[in-house]
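Taking it in order: structure first as structure tokens, then the write-up.
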Amino acid sequence: MERELPEIKIEGTEFIVDVLKEELREKDNPENVMSIELMHYAGERGYSFYYDLNKKNFPDIDRIIEFGLPENTPDIKIPELKSLDPLGMAEKYNISLEEVKAKSDFELSIKPGSLHDLRLNKGILPTLDIAGHTFYVDLEMDKLRPKDDFKSKGINFTEIKDYYDRDKRAYIIPYNPTTHEFQQDDVSAITELPKDIIIVQFPGQYDLDIVGWDRKHGNSLTNQYLEQMHFEARTLPWIETNLIEHIKRNVVEQLQPKEEYIVNEPKDTLYRIPTDTERILPTYKIDGIEFIVDANQLELREKANPKNVISIKDIEELPAEGYKFWFSPKSKSLTKYSEWEAKYIEIPDFVKLDPIGMAKKHNISEDKIAEMDDFKLMVNQDAFDKIANKGILPTIDIAGHTFHIDLFNDRLHPKDDIWSRGIIFSELKHYYSHKDNVFTIPYNQRTHTFQEVSLNVKEIPKDLIVVQIPRKRTLDPIWENKSGNLNSSDYLKKEGVHLHYEAKVIPWHHTRFAETIKKNNSQQVKPEQKPPIKPKPEVNKTVRKSRKM
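First residue of the sequence shown? That's 2 in our numbering, and the numbers climb one at a time after it.
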């Protein structure tokens with residue numbers, strides 16, 4: 002006799018629980034079916050789903066995506082099938098009721114020999130192959146345990162937590178194939194690609210062992226898709242790591258001049274002369290505070306406190322005319338936009354603030370100064386015209402050889418040397434100092450090119466010197482304006498325009514590189530430094546007879 006299936010009431014409607022078909026059928030309308038498979042399974046907490054009161058079924062997903070969740074769709078939660086129909090589950094899996102009660106729906110559904118069976122019931126751990134060696138993924142011990150290597154401590158997940166890449170959902174670590182361990186080296190001291198380690202990438206703990214992860218964190222075991230029990234780590238080519246960048250940065254650091262040879266040169270080329278004391282200087286109000294305009298020094302000084310200065314070197318240019326900055330009403334001085342109550346201020350050109358002073362400073366009549374702006378006074382108009390309008394490239398002298406500054410092709414072209422590739426800026430990105438706004442590079446005087454240098458050398462490289470080249474914005478600000486869709490004349494007042502520059506040569510003995518060479522030589526074992534080999538002492542062959550007691 003066929004048994005009567007149990008029922009469950011959902012929002013006033015009776016549904017028949019059919020564990021064999023894994024569905025709920027409306028009692029009064031058997032064609033209205035809700036599949037258990039389409040519900041969200043939360044382990045021992047049962048199942049949940051949205052329920053359309055009008056349809057008495059799942060809501061239309063497409064309508065939810067387009068219009069959002071309707072008001073008449075409550076979130077329904079029901080127990081596991083083993084609780085709704087334990088007898089049916091016992092019959093379905095041919096086990097006792099006691100076994101049904103002891104397991105979850107998910108555990109009951111596991112097929113013998115499946116990956117879930119191997120992991121959950123047999124306790125077999127997933128494995129990970131790293132560079133040819135097998136590791137057991139043991140989340141309970143918080144590590145990857147190397148197979149057949151009891152001397153190795155393995156790879157501890159806590160130790161490599163900072164090496165987890167959330168975007169890639171993977172660990173990327175330095176690994177020693179000999180010791181089968183994670184090996185962390187000081188990248189700030191590394192000078193060449195290491196020979197004893199490789200960089201490997203493998204999935205995170207959750208992806209390596211979802212069952213172990215859920216157990217470790219006390220999560221209910223659910224019907225998560227278990228696709229594999231064995232994984233392979235990927236060995237990354239050095240080019241895909243940032244180690245080469247670290248090595249280059251370390252080289253750059255060694256090329257910098259030592260502290261005792263650093264000369265603090267002026268950061269700008271602005272034309273300044275002593276303050277005019279022969280006349281009363283005009284004033285200009287900023288947020289109601291009166292400032293004296295000093296055209297000779299290109300600065301504004303608070304009238305009530307002359308030590309409070311706003312200099313042109315500390316404020317920004319506006320594209321055409323004038324300047325801008327953030328002002329603090331509290332300190333009556335420059336500040337950052339992030340400061341509370343900071344005010345954005347724009348002021349006119351100095352020819353507008355003090356036309357008489359600018360006319361006197363530049364020896365121009367007051368009538369003529371009225372037709373001018375700061376750009377025409379402060380920027381070399383001949384140099385600007387040649388570069389902006391006549392297509393003449395500015396030049397730079399590097400150790401006696403002239404280079405054309407060709408930012409259109411992103412390089413410095415050596416004059417009268419068609420065989421040289423010159424100096425390509427895209428290759429110098431690691432050699433740029435944002436602090437000093439210069440490139441400090443090793444330069445080959447024979448080939449007229451940038452040439453990388455190893456930190457393991459034991460003598461000064463032949464034909465190489467160290468030079469400092471200004472940033473691209475300084476070398477050709479007009480081209481930088483054009484490439485940024487700005488007017489050719491924008492932002493040139495403070496930096497100026499020049500037709501020729503000269504690279505600064507830094508002697509090797511002024512750099513930290515000289516100390517590196519000295520260190521490399523001290524580490525070299527010379528033949529004469531080896532301790533002399535002492536002759537083996539002769540063994541006395543005379544046999545002594547022992548005395549009897």
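For every residue, glycine included, the Cβ atom is placed at its ideal position computed from N, Cα and C. Source: prediction; values computed, not measured.
- Task: Count the other C-beta atoms from every protein chain shown that fall within 10 angstroms of the C-beta of L129, then say buried if there are 16 or more, exposed otherwise.
- Result: buried
- Item | Beta-carbon proximity list for R235, same chain, < 6 angstroms, skipping 5 on both sides | Q202
- What does DSSP give as the partner residues of K144 in its beta bridges? D139 and N157
- Message: Determine whether the beta carbon atoms of I518 and K459 lie at a separation below 8 angstroms.
- Response: Yes; because the gap between Cβ atoms is below 8 angstroms, this pair is in contact.
- Going along the chain, which residues of its own chain have a beta-carbon closer than 8 angstroms to the beta-carbon of V380, five neighbours each way excluded? Excluding sequence positions up to five before and after V380, its CB lies within less than 8 angstroms of the CB of S490, L493, K494, G497 and V498, all in the same chain and listed in chain order.
- Message: With a threshold of 7 angstroms on Cβ separation, who are the neighbours of R412 within its own chain once the five nearest residues in sequence on each side are excluded?
- Response: Exclusion of the five residues before and after R412 leaves G423, I424, I425 and F426 as the residues of its chain whose Cβ lies within less than 7 angstroms of its Cβ.
- Message: Please report the distance separating the alpha-carbon of G47 from that of I79.
- Response: If you draw a straight line from the Cα of G47 to the Cα of I79, it is about 6 angstroms long.
- Message: Shorter than 7 angstroms, the distance from the beta carbon of I313 to the closest heavy atom of the ligand PLP, or not?
- Response: As presented, the structure is devoid of all ligands, the ligand PLP included, so that no description of it is given.
- Message: Tell me which residues share the same chain as E38 and place their Cβ nearer than 7 angstroms to its Cβ, disregarding the 5 neighbours each side in the sequence.
- Response: E23
- Give the C-beta separation of D375 and E322 to the nearest angstrom, bearing in mind that I take them to be a contact with Cβ-Cβ under 8 angstroms. Confirmed, about 7 angstroms.
- Near M35, what residues of its chain come up, given a Cβ to Cβ distance below 7 angstroms and the 5 sequence neighbours on each side ignored? If the five residues before and after M35 are omitted, its C-beta is found closer than 7 angstroms to the C-beta atoms of E24, L25, N58 and F59, all from its own chain and listed in chain order.
- Query: Among M40, H41, I9 and D163, which one has its Cα closest to the Cα of K28?
  - Reply: I9
- Message: Which of the three DSSP states is assigned to M568 in this structure?
- Response: Limits of the chain in this structure are 2 at one end and 550 at the other, which puts residue 568 out of reach.
- Sorted by chain position, which residues of the same chain lie with C-beta nearer than 7 angstroms to G44's C-beta, five sequence neighbours on each side aside? S105, F107, S221, L222 and T223
- E182 versus S455: straight-line alpha-carbon distance, rounded: 28 angstroms
- Item | Buried or exposed by the 16-neighbour rule on C-beta atoms within 10 Å, applied to E342 | Classification of E342: exposed, given that the 10 Å Cβ count is below 16.
- Query: Can you list, in chain order, the residues of its chain whose CB lies under 6 angstroms from that of I461, leaving out five sequence neighbours each side?
  - Reply: W509
- Item | Nonlocal neighbours in the same chain, by C-beta distance under 8 angstroms from S523, ignoring five residues either side | Cβ neighbours of S523 beyond the five flanking positions: none.
- Please look up how many angstroms separate the CB atoms of H435 and R250, rounded, as I've assumed it's under 8 angstroms. At roughly 13 angstroms, the Cβ-Cβ gap does not stay under 8 angstroms, so H435 and R250 are not in contact.
- Item | Three-pair Cβ contact test at 8 angstroms for the region 136-154 versus the region 97-104 | Between the region 136-154 and the region 97-104, the count of Cβ pairs shorter than 8 angstroms is below three; the stretches do not touch.
- Item | Whether I290 touches K333 by CB criterion (8 angstroms) | yes
- Query: Near K304, what residues of its chain come up, given a Cβ to Cβ distance below 7 angstroms and the 5 sequence neighbours on each side ignored?
  - Reply: T284, E291, F292 and I293
- Please name the residue in H511, K505 and Y226 whose C-alpha comes closest to that of I397. Of the listed residues, the one whose Cα sits closest to I397 is K505.
- Message: Just to confirm the assignment, what range does the alpha helix (DSSP H) spanning V101 have?
- Response: L98 to A103
- Task: Note down the Cα distance separating S366 from A384, rounded to an integer number of angstroms.
- Result: 23 angstroms
- Query: Is K549 helix, strand or coil when you go by DSSP?
  - Reply: Confidence at K549 is low in this model, with a pLDDT of 38, below 50, so its placement is unreliable and no value can be given for it.
- So is T159 buried or exposed if we call it buried at 16+ other beta carbons inside 10 Å? exposed
- Can you grab the Cα-Cα spacing for the pair E302 / Q257, in whole Å? Checking the sequence shown, residue 302 turns out to be Arg, not Glu. Rounded to whole angstroms, R302 and Q257 show a C-alpha spacing of 37 angstroms.
- Item | Those runs of the alpha helix (DSSP H) which lie wholly inside the region 292-372 and span at least 4 residues | 351-354, 356-362 and 367-370
- Would you list the one or two residues that DSSP bridges to A171? D166 and P204
- Excluding the 5 residues preceding and the 5 following L394 in the sequence, name in chain order all residues of the same chain whose CB lies nearer than 7 angstroms to its CB. H405, I406 and D407
- Cβ-based neighbour list, V20, same chain, cut-off 7 angstroms, excluding 5 preceding and 5 following: Once the five neighbours on either side are set aside, the close Cβ partners of V20 are L82, D86, G89, M90 and K93.
- Task: Kindly list the residues whose CB is nearer than 7 angstroms to the CB of K527, restricted to its own chain and excluding five residues on each side of it in sequence; keep chain order.
- Result: For K527, the predicted model reports a pLDDT of 48, less than 50, meaning its position is unreliable; a value from the coordinates is still stated below. Excluding positions up to five away in sequence, the list is empty.
- Query: Taking the C-alpha atoms as reference points, what is the distance between D368 and A360?
  - Reply: D368 and A360: Cα-Cα distance of roughly 9 angstroms.
- Inspect the beta-carbon positions of Y164 and H511 and report whether they are closer than 8 angstroms. No, the Cβ-Cβ distance between Y164 and H511 is not below 8 angstroms.
- Message: The alpha helix (DSSP H) that contains N251, what's its start and end?
- Response: L244 to L256
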